[in-house]
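At the far end of the sequence shown sits residue 294, using full-length UniProt numbering, and the numbering has no gaps.
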Amino acid sequence: MKSQLDLNLLIVLILLDKHRQLKPVAKVLGKTESAVSKHLSKLREQLGDPLFVRGAHEFEPTDFTLELLPKISSGLEMINSAVVQDEFDPKTYKKDIVIALPSLGQYLVGDTLLMDLMETFPNAVVKITTWSHSSVGDILANDVDVGVQYFNEEQTKAVYQHHIGKFRPAIVVSDQCEETSFDELLKMPFVLMEMKGWVDNKPIAKRLLESKGLKINKRAVVDNITCLLKVIREINGATLLPQIDKPFDGYRCVELPAELDFDELPVVVANYKLANRDNPLHRLLIKKIKQHIF
Numbered sequence: 001m002k003s004q005l006d007l008n009l010l011i012v013l014i015l016l017d018k019h020r021q022l023k024p025v026a027k028v029l030g031k032t033e034s035a036v037s038k039h040l041s042k043l044r045e046q047l048g049d050p051l052f053v054r055g056a057h058e059f060e061p062t063d064f065t066l067e068l069l070p071k072i073s074s075g076l077e078m079i080n081s082a083v084v085q086d087e088f089d090p091k092t093y094k095k096d097i098v099i100a101l102p103s104l105g106q107y108l109v110g111d112t113l114l115m116d117l118m119e120t121f122p123n124a125v126v127k128i129t130t131w132s133h134s135s136v137g138d139i140l141a142n143d144v145d146v147g148v149q150y151f152n153e154e155q156t157k158a159v160y161q162h163h164i165g166k167f168r169p170a171i172v173v174s175d176q177c178e179e180t181s182f183d184e185l186l187k188m189p190f191v192l193m194e195m196k197g198w199v200d201n202k203p204i205a206k207r208l209l210e211s212k213g214l215k216i217n218k219r220a221v222v223d224n225i226t227c228l229l230k231v232i233r234e235i236n237g238a239t240l241l242p243q244i245d246k247p248f249d250g251y252r253c254v255e256l257p258a259e260l261d262f263d264e265l266p267v268v269v270a271n272y273k274l275a276n277r278d279n280p281l282h283r284l285l286i287k288k289i290k291q292h293i294f
């Protein structure tokens, strides 16, 4: 047997042994009879044996082929079992599932997302943790399955950033705050959310306003949404948060003027290991996260 054997052609021997005619083999492979005949000739040359001889009505395998066929079949079955993945069933998945969300994301959708995942994965322990400076390392170490954050052009290529939506900011005030103009809103004392674990932690909504030459009266920065909302109520202040459909109880969102046509809204991404890009678990987790956030 020569070392340059083309393993891709071995399926021809399996099919010809089954059908004993070139025409049905060609049909299965989606090739012409002439092409199958050429494959057989090439195998004969590489293996140094006629392999199949034409009888009165059909092709007959040689003794060499009869001895070789079980080994080929066994080898092909091993290859198929190695590359064909079992169908993913979330109900039988038993490993821990860890999702990293910013604290704001946990406040807005953490409860509904957690309950959905608990129902989807009844045999797994689901944990929602806070995105931090260590989250990327945790993803690479397989300690976090998926983490949600804004797109970061400085992100390591070993982490895939899966686009799930875009962020549009809004001003949030207490429902006790009187209706006022946009310019007057900007003069209110602002308490902002720290962007922990993202670039330089600078609140992204403030970046957007500054890109349009607008400044706010920033008085404080916190990394806890509950604290933030309590403070802006007490001081009759405001904050910048994503424009969302889900209302804040006791607060109202003021949309930014339509003329503030931002060139490029920040992209929200699901971060996960690049090696898991085609993993059915990660595909399902991202689908669930996107459903709850957007």
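Backbone N, C-alpha and C define an ideal beta-carbon position, used for all residues, glycine too.
Listed in chain order, the non-local C-beta contacts of residue 155 below 8 Å within the same chain comprise 136, 161 and 271, local neighbours out to five positions each way being set aside.
Residue 221 is positioned such that its CB atom lies closer than 8 Å to that of residue 192. Burial is judged here by how many other beta carbons sit within 10 angstroms of a residue's own beta carbon; residue 64 has fewer than 16 and is exposed. The alpha carbon of residue 194 has as its nearest neighbour, out of 207, 185, 183 and 188, the alpha carbon of 207. Under DSSP, residue 273 shares a beta bridge with 159.
Look at residue 12 here: in three-state DSSP terms it is helix. Minimum Cα-Cα distance from residue 286 among the listed residues 164, 189 and 190 corresponds to 164. Annotation note: the stretch 103-184 contains the following uninterrupted beta strand (DSSP E) runs of length 3 or greater, listed N- to C-terminal: 126-130, 146-150, 159-166 and 169-174. Shown here, residue 258 sits in coil according to DSSP, grouped into three states, outside any helix or strand. When secondary structure is reduced to three states using DSSP, residue 79 falls in the helix class. Inter-segment contact for the stretch 41-54 and the stretch 90-104 is absent: fewer than three beta-carbon pairs are separated by less than 8 Å. The three-state reading of DSSP puts residue 31 in coil, since its state is none of H, G, I, E or B. Just so you know, the alpha carbons of residue 265 and residue 115 end up roughly 30 Å apart.
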